[in-house]
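Asker:
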Amino acid sequence: MKYSLVSLLFVSLIVLKTSSLKSDEYIDALEDLIKNEEFVEEYSLWSLKLFTTKDYIYGPKPKNFPCNKNLQRKVNDSITVHSLLPNDIQCVGAIGDSLTAALGAHALTPIGLFTENRGVSWSAGGDYSYNKLMTLPNILREYNSQLKGYSTKSSLIFGKGQNSSHNGLNCAKSGDRSYHMIDQAHILYERLNSNDICNMKDDWKMITFFVGGNDLCIFCEDLNKHNPVNFTKYIEETLDFLHANFPRTFVNLVLVLDVRSVEKLNAGGTVCRLMHNKTCPCAAYPSPDDRRTLQEWIPLYHKNLVDLINTGKYDTGDDFTVVIQPFMAHTQVPVVDGEIDYSFFAPDCFHFSGKGHSRASLSLWNNMIEQVGRKRWEWHTGEELECPTEERPYFSTRLNSAQSSEVIPQIKKKKPTLI
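Position in the sequence shown (first residue = 1) + 12 = the numbering used here.
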């Protein structure tokens with residue numbers, strides 16, 4: 013039976029690969045694991061356990077939408093990027109890596125780890141509706157049912173997967189790092205100018221930009237390429253391009269999560285350990301030097317971007333801005349009854365499950381409502397969706413908040429996040 017299952021998975025992989033244009037390190041690593049009978053058997057048991065967990069596939073069913081959908085712009089306020097109501101957003105897009113592409117979110121079998129479930133992506137997915145699945149686009153669609161640009165359904169990680177017709181303006185690509193973001197920005201630009209998804213000139217666009225996990229997961233292979241200075245340079249290059257070429261655009265710049273948590277997730281068992289060895293070796297199995305480097309670099313990955321945005325470089329007009337959304341930065345591994353809650357993770361113990369994507373979208377939205385300088389730096393698990401108010405109906409920016417600069421809070425030692 014084991015042999016038959018492994019053979020079936022391997023044949024499926026061959027079929028998939030023959031339709032691809034190239035094979036990357038991730039695909040090769042998974043191919044090796046699929047040949048491992050112990051891995052395949054353990055994966056089947058592990059994924060079955062996860063998929064039978066309550067709310068695993070889509071997250072908790074949202075309550076009735078709690079916010080006023082008919083907020084009005086204040087008297088004498090013209091529409092600018094600093095006075096954007098939720099219903100002003102006509103188009104959504106994203107650039108980033110596998111966490112934005114929703115890689116493996118519904119990976120019941122190892123073959124599912126080659127599938128990006130983009131329709132459930134926290135920042136760009138538009139499958140179903142808010143009543144079933146909480147994502148940023150599904151929240152925005154409660155205000156504007158004509159919203160465009162969100163991704164739906166699934167795509168493969170190789171071949172033409174990044175350019176699937178279902179992807180919309182979700183240009184994220186699994187495996188990409190900070191130095192690939194300028195290429196994704198160009199792809200986003202081309203899509204906006206070459207099809208009828210959105211109107212580049214007239215539509216107000218919300219772009220979510222999240223990257224850095226892959227840089228930190230493999231930093232020890234090339235310290236120079238992935239150091240904080242170069243990471244910041246790559247991000248700045250991409251933001252400069254967006255600033256110069258994207259009118260009427262609000263950019264959510266989401267700070268990278270703390271990949272040191274991956275080492276804790278090894279406790280999940282064989283599947284977690286084997287997957288981490290392939291996908292995030294520098295953080296999952298760090299040497300003493302690697303540990304010291306991560307301790308130094310992760311805060312700098314955050315600080316450098318905060319400092320860049322605080323300069324006001326991207327606030328030179330009234331139709332473009334970049335806002336730091338820091339909710340990932342200090343988030344810890346979720347715990348229930350003293351045990352790690354793996355239901356927030358895909359079966360590979362690294363990417364988000366549908367539940368994880370749902371919770372991430374909640375935290376992103378709440379960060380967008382919170383004023384600059386007062387934003388929370390952790391997931392808002394167990395909390396309600398925040399609403400714009402009559403007093404503050406607009407998405408928060410540097411120029412409409414009481415403070416014009418984001419502030420990095422001191423990390424307090426505490427117990428892991430409780431759900």
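Even glycine gets a Cβ: it sits at the ideal position worked out from N, Cα and C.
Could you say which of Ala117, Asn211, Tyr142 and Thr121 lies nearest to Ser166 if we only look at CA atoms?
Answerer: The option with the nearest alpha carbon to Ser166 is Ala117.
Asker: Taking the continuous beta strand (DSSP E) assigned at Phe51, which residues delimit it?
Answerer: Here Phe51 belongs to no beta strand (DSSP E); instead the alpha helix (DSSP H) covers Glu49 to Phe63.
Asker: Can you tell me whether Asn143 is buried or exposed? The criterion is at least 16 other CB atoms within 10 Å of its CB, across all chains shown.
Answerer: With fewer than 16 Cβ atoms within 10 Å of its Cβ, Asn143 is classed as exposed.
Asker: Would the stretch 84-95 and the stretch 131-148 be scored as touching if the rule is three or more Cβ pairs under 8 Å?
Answerer: Output reads no: the stretch 131-148 does not touch the stretch 84-95.
Asker: Take every Cβ of the stretch 380-392, pair it with every Cβ of the stretch 335-345, and state whether three or more of those distances are shorter than 8 Å.
Answerer: With the cut-off at 8 Å, the stretch 380-392 and the stretch 335-345 touch.
Asker: Hey, would you say Asn378 sits closer than 9 Å to Glu403, going by beta carbons?
Answerer: No; because the gap between Cβ atoms is not below 9 Å, this pair is not in contact.
Asker: Assess, as a yes-or-no matter, whether the stretch 319-338 is touched by the stretch 274-286 under the definition of 3 or more beta carbon pairs within less than 8 Å.
Answerer: Touching, no, given that fewer than three Cβ pairs across the two stretches are closer than 8 Å.
Asker: Does the beta-carbon of Leu235 have 16 or more other beta-carbons within 10 angstroms, so that it is buried, or is it exposed?
Answerer: Counting Cβ neighbours within 10 Å, Leu235 comes out exposed, since fewer than 16 surround it.
Asker: Since Ile310 and Leu228 should fall inside the 8 Å C-beta cutoff, what is the C-beta to C-beta distance between them, to a whole number of angstroms?
Answerer: Ile310 to Leu228, Cβ: 7 Å. Contact.
Asker: Tell me the residue span of the alpha helix (DSSP H) that contains Leu152.
Answerer: Start and end: Leu148 to Leu152.
Asker: Return the chain-ordered list of same chain residues with a C-beta closer than 8 Å to the C-beta of Tyr70, the five sequence neighbours on each side being excluded.
Answerer: Once the five neighbours on either side are set aside, the close Cβ partners of Tyr70 are Val132, Tyr140, Lys144, Leu145, Gly366, Lys367 and Ser370.
Asker: Along the chain, where does the alpha helix (DSSP H) that runs through Cys103 open and close?
Answerer: Segment Cys103 to Gly108 is the beta strand (DSSP E) holding Cys103; no alpha helix (DSSP H) there.
Asker: DSSP three-state call for Glu396: helix, strand or coil?
Answerer: Here Glu396 sits in coil by DSSP.
Asker: Measuring straight from C-alpha to C-alpha, what distance separates Glu37 and His314?
Answerer: Computed Cα separation, rounded: 27 Å.
Asker: Would you please state the rounded distance, in angstroms, between the beta carbons of Met380 and Asn264? I believe it to be under 8 Å.
Answerer: Contact holds; Cβ gap of about 7 Å.
Asker: Counting C-beta neighbours from all protein chains within 10 Å, is the total for Pro421 16 or more, i.e. buried, or is it exposed?
Answerer: Pro421 comes out exposed.
Asker: Please classify Asn150 as buried or exposed, where buried requires at least 16 neighbouring CB atoms within 10 angstroms.
Answerer: Classification for Asn150: buried.
Asker: Less than 9 Å separating the beta-carbons of Phe243 and Asp109?
Answerer: No, Cβ-Cβ distance for Phe243 and Asp109 is not below 9 Å.
Asker: When the Cα atoms are used, what is the spatial distance from Thr127 to Ala119?
Answerer: Each residue's Cα considered, the two are about 7 Å apart.
Asker: Ordered along the chain, which non-local residues of its own chain (more than five positions away) have a Cβ less than 8 Å from that of Leu42?
Answerer: The residues are Leu25, Pro122, Leu125, Phe126 and Lys290.
Asker: Do you know offhand how far Thr147's Cα is from Cys232's?
Answerer: Near 34 Å, if we compare the C-alpha coordinates of Cys232 and Thr147.
Asker: With distances taken between CB atoms, is the gap from Phe258 to Leu204 smaller than 9 Å?
Answerer: Result yes, Cβ atoms of Phe258 and Leu204 sit closer than 9 Å.
Asker: In whole angstroms, what is the alpha-carbon distance linking Gly329 and Lys81?
Answerer: Roughly 28 Å between the two C-alpha positions.
Asker: Once you ignore the five residues that flank Asn316 on each side, which residues in its own chain have a CB closer than 6 Å to its CB?
Answerer: Excluding sequence neighbours, Asn316 sits near Pro240 and Thr244.
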